[in-house]
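Undergrad:
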Amino acid sequence: MFTGFDVDVIQRALPYLWQGMLFSLGLTLLAMVGGIILGTVLALMRLSSYKVLTLPAGGYVNLLRSTPLILVIFWFYFLVPIAVKQITGNPYASGIGPFYSALIAFTLFEAAYYCEIIRAGIQSVPSGQVNAAYALGLNYWQAMIRVVLPQAFRNMVPILLTQGIILFQDTSLVYVVGLTDFMGAASKVAQRDGRLVEMYLFAALVYFIFCYFASYFVKHLHTRITPPR
Amino acid sequence: MSMIEFKNISKWYGSFQVLKDCSTHIDKGEVVVVCGPSGSGKSTLIKCVNGLEPFQQGELIVNGQSVGDKTTNLPQLRAKIGMVFQHFELFPHMNVTANLNLAQVKVLGRSVDEATAKSQMLLNRVGMIDHAHKFPGQLSGGQQQRIAIARGLAMDPVAMLFDEPTSALDPEMINEVLDVMVELAQEGMTMMCVTHEMGFARKVAHRVIFMDKGEIVEDAPKADFFGTPRSERAQQFLSKILHH
């Protein structure tokens, strides 16, 4: 099977693959930051005592979590421009391009998952801490920002990063809107040169090494940052 | 003048009534000890004072403001009432000085230098100045609780609430905390203390309140309470905890 395994094809494709890798990493990073910020807002909404906040946030999270990511990416690329045309009444309104629509789709999708992680993290902070913060005269936002969230995020860092690793793997789905990430780049070279075995094995190896070491780093980090209690 | 006045306070958890028509008052400079069997509503009663526990009926006036009133600015009221908890509740992600400084800076608007000076003065007073840069997790329970008291005092409170401050401590650490509390009482601080430390009550309390099943059963000056409790339930309670 491996007769004629051509390592050279990988080497020649490396600069192109590196471009794809930078794209994957960039999209992962941006979507993570956006997802964590939006997820925090959603988590605070879900945990509030006002139904006007909990219901929409809960509905949003449940809807996004029961939808395949590939569908959300699709929607944002193909349906949002149509919706914008309908709403604005401007038949020439164009979309925002594949990159931004993919970024928005990933951010919105990941926010639903981050929301649940952050909600659990906030709930893991003992209620006595919240009481102590309030008893000192801090208001809701001061108590959240100074006392609850720092402790919650410290507890959550490992799982937030783990979700980031999953997100990194999921960025390969951007091929549906014609973007070229690492996986897409490998795939294109494979098709062009007829070297499917080499390229897909190499892609798998890179993903494995990357995610394995990222997981190892997360584990190491967890033992280091857990504060004494 | 009453610093804290409970007028017919009732509270329910669902259909279960945890506080039944509780009325009492704590005057300025008075030290009142609240005791009673577990589940009698002592902690719930003290948490009503700074609005950590809402109540459904009655009126509670603290420092001239009604706690249950929706127009009352609770954070502002709480800033004037110090509270010490059973499990200390120091913020584990901040060092001791930052724990004391946080509310001084964020709530009272003091500068960091001002707040730090105040914190150091109080840490010195509770004998913890050498630990100012440590984190709560590195300190013993007794040390943490003394810092928690200092954190409350840093806000220059008009009254202090103590919710079983020694219940989570190892026996040999109870006295270091009680010593700080006795000193505070002798300086004339208004104090409401939920505690089973009858030695502390004997030494500095003006009045003792005994609660059972959500009711204030006995509310008497210290001498009367330890002399001849009027109710049978208080007598039983005292005989159980004093004979050891």
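Protein chains in written order, with our numbering: chain W, 1 to 229; chain R, 1001 to 1244. Note that CB positions come from ideal geometry on N, CA and C, so glycine has one too. Just so we're clear, the structure is a prediction, and the values are computed from it rather than from any experiment.
1) Which chain W residues are close to Met1083/R, counting only those with a beta carbon under 7 Å from its beta carbon?
2) Short of 7 Å in beta carbon distance, which residues of its chain neighbour Ile159/W, apart from the five on each side in sequence? Order them along the chain.
3) What are the boundary residues of the alpha helix (DSSP H) that includes Tyr114/W?
4) With a threshold of 8 Å, are at least 3 pairs of Cβ atoms found where one atom belongs to the stretch 1200–1212 of chain R and the other to the stretch 1060–1068 of chain R?
5) Round the Cβ separation of Gln1086/R and Asp1163/R to the nearest angstrom and send it over; I've been treating them as touching at under 8 Å.
6) Enumerate in chain order the residues of its own chain whose CB-to-CB distance from Ala202/W is below 6 Å, with the five nearest sequence positions on each side excluded.
7) Ignore the nearest five residues each way along the sequence and tell me which others in Ala185/W's own chain have a CB closer than 7 Å to its CB.
8) In or out: Arg192/W buried (at least 16 other Cβ within 10 Å) or exposed?
9) For Arg1151/R, decide whether its Cβ has a neighbour in chain W, counting only Cβ atoms nearer than 9 Å.
10) For Phe1091/R, would you say it is in contact with chain W, using Cβ-to-Cβ distances shorter than 9 Å as the test?
11) At a Cβ threshold of 9 Å, is Lys1047/R touching chain W?
12) For a contact meaning CB atoms closer than 7 Å, what does Pro158/W contact in chain R?
13) In terms of residue numbering, what span does the beta strand (DSSP E) encompassing Gln1017/R cover?
14) Against chain W, which members of the stretch 1162–1177 of chain R pass a CB distance test of less than 9 Å?
15) To the nearest angstrom, how far is it from the Cα of Ile1147/R to the Cα of Ala1103/R?
16) At 7 Å on the CB atoms, spell out the chain R contacts of Ala132/W, in chain order.
17) Determine, using beta carbons only, whether Gln1065/R comes closer than 9 Å to chain W.
18) Taking the CB atoms as reference points, tell me whether Phe106/W and Leu69/W lie closer together than 9 Å.
19) How far does the beta strand (DSSP E) with Gly1058/R in it extend, from its first residue to its last?
20) Starting from the beta carbon of Gly128/W, find every residue of chain R whose beta carbon is closer than 9 Å, and list them in chain order.
21) Gly1141/R and Phe1088/R: beta carbons closer than 9 Å?
22) CA-CA distance, Val174/W and Leu1123/R?
23) List the DSSP bridge partners of Ser1066/R.
24) List the residues of chain R that Arg154/W touches, going by C-beta distances under 8 Å, in chain order.
25) Could you run through the stretch 1091–1116 of chain R and flag, in chain order, every residue whose CB is less than 7 Å away from some CB of chain W?
26) Under 7 Å Cβ to Cβ from Pro98/W, same chain only, skipping five residues before and after it: list those, please.
27) Going by DSSP, name the residue or residues bridged to Glu1215/R.
28) Excluding the five sequence neighbours on either side, which residues of its own chain have a C-beta within less than 8 Å of the C-beta of Thr28/W, listed in chain order?
29) Can you find the residues in the same chain that come closer than 7 Å, C-beta to C-beta, to Ala1168/R, ignoring five residues on each side of it along the sequence?
TA: For this structure:
1) Here the neighbours are Ala135.
2) Ile117
3) From DSSP, the alpha helix (DSSP H) with Tyr114/W extends over 97–123.
4) no
5) 6 Å
6) A small correction: the amino acid at residue 202/W is Phe; Ala does not occupy that position in the sequence shown. Correct list, in chain order: Ile10.
7) Tyr16, Leu17, Gln19, Gly20
8) Arg192/W comes out exposed.
9) Answer yes: the Cβ-Cβ gap between Arg1151/R and chain W drops below 9 Å somewhere.
10) yes
11) yes
12) None at all; the shortest Cβ gap to chain R is about 17 Å.
13) Annotation for Gln1017/R: the continuous beta strand (DSSP E) segment containing it runs 1016–1027.
14) Correct list: empty, as no residue qualifies.
15) 14 Å
16) Phe1085, Glu1089
17) no
18) Contact: yes.
19) First-last of the beta strand (DSSP E) with Gly1058/R: 1057–1062.
20) Phe1085, Gln1086, His1087, Phe1088, Glu1089
21) Against a cut-off of 9 Å, the Cβ pair of Phe1088/R and Gly1141/R comes out as a contact.
22) 58 Å
23) Partner(s): Ile1061/R.
24) His1093
25) Phe1091, Pro1092, His1093, Leu1102, Ala1103, Lys1106, Val1107
26) Tyr77, Val177, Gly178, Leu179
27) Asp1212/R
28) Gly164, Leu167, Phe168, Thr171
29) Gln1086, His1087, Gly1141
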